[in-house]
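As structure tokens, the structure follows; a few thoughts come after it.
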Amino acid sequence: MPTPIPYAEYPTTPPWGVPETPAAPAEPSAPPATPPRLFVRFPEEMARAARPQAPAWLPVVFWTLLLGVPGAVSAIRRSTEARHGGHERYPYWLAFGTVLAVAAATVMFLE
Numbered sequence: 001m002p003t004p005i006p007y008a009e010y011p012t013t014p015p016w017g018v019p020e021t022p023a024a025p026a027e028p029s030a031p032p033a034t035p036p037r038l039f040v041r042f043p044e045e046m047a048r049a050a051r052p053q054a055p056a057w058l059p060v061v062f063w064t065l066l067l068g069v070p071g072a073v074s075a076i077r078r079s080t081e082a083r084h085g086g087h088e089r090y091p092y093w094l095a096f097g098t099v100l101a102v103a104a105a106t107v108m109f110l111e
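Here the sequence shown stands for residues 1 to 111, where the numbers follow the UniProt record's numbering.
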């Protein structure tokens, strides 16, 4: 029969148990990681990728050449629709004003 191991004091853990180790001091927390970015050349342009297409400005030209006032109505409607989609409003008014000015200059030149 093996002889028992003499202990200096009475053990509180069973012989098969692992004695508890003291807790290591906590390391300072790292700064929060930056969110991942898209691997595209201009990532800020990707915010516009989900927007709907802007309305065409050619009908504004057509209605302005045809009667004048319906061109303004078309410019109002299309610029409002473009603004709701997150696009600029000026192309429709630029088309309306340019066609109206060219039509007025043509009428004055022909008289």
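No residue lacks a Cβ here, since even glycine has one placed at the ideal position from N, Cα and C.
#1: Is the beta carbon of proline 91 closer than 9 Å to that of alanine 103?
#2: Using the Cα positions of proline 52 and leucine 110, report the straight-line distance between them to the nearest angstrom.
#3: For the pair the stretch 91-101 and the stretch 58-65, tell me if three or more CB-CB distances fall below 8 Å.
#4: One question on the structure: do tryptophan 57 and arginine 77 come within less than 9 Å of each other, judged by their Cβ atoms?
#5: By the 10 Å Cβ neighbour count, where 16 or more other Cβ atoms means buried, how is glycine 71 classified, buried or exposed?
From the atom records:
#1: For the purposes of this step, residue 103 is identified with residue 103 of the sequence shown, where counting begins at 1. For the purposes of this step, residue 91 is identified with residue 91 of the sequence shown, where counting begins at 1. Cβ distance not < 9 Å, so alanine 103 and proline 91 don't count as in contact.
#2: For the purposes of this step, residue 52 is taken as residue 52 along the sequence shown, with counting starting at 1. For the purposes of this step, residue 110 is taken as residue 110 along the sequence shown, with counting starting at 1. C-alpha separation (whole angstroms): 42 Å.
#3: yes
#4: Against the sequence shown, residue 57 aligns to sequence position 57. Against the sequence shown, residue 77 aligns to sequence position 77. No, the Cβ-Cβ distance between tryptophan 57 and arginine 77 is not below 9 Å.
#5: Here residue 71 corresponds to residue number 71 of the sequence shown, with the count starting at 1. Buried is the call here.
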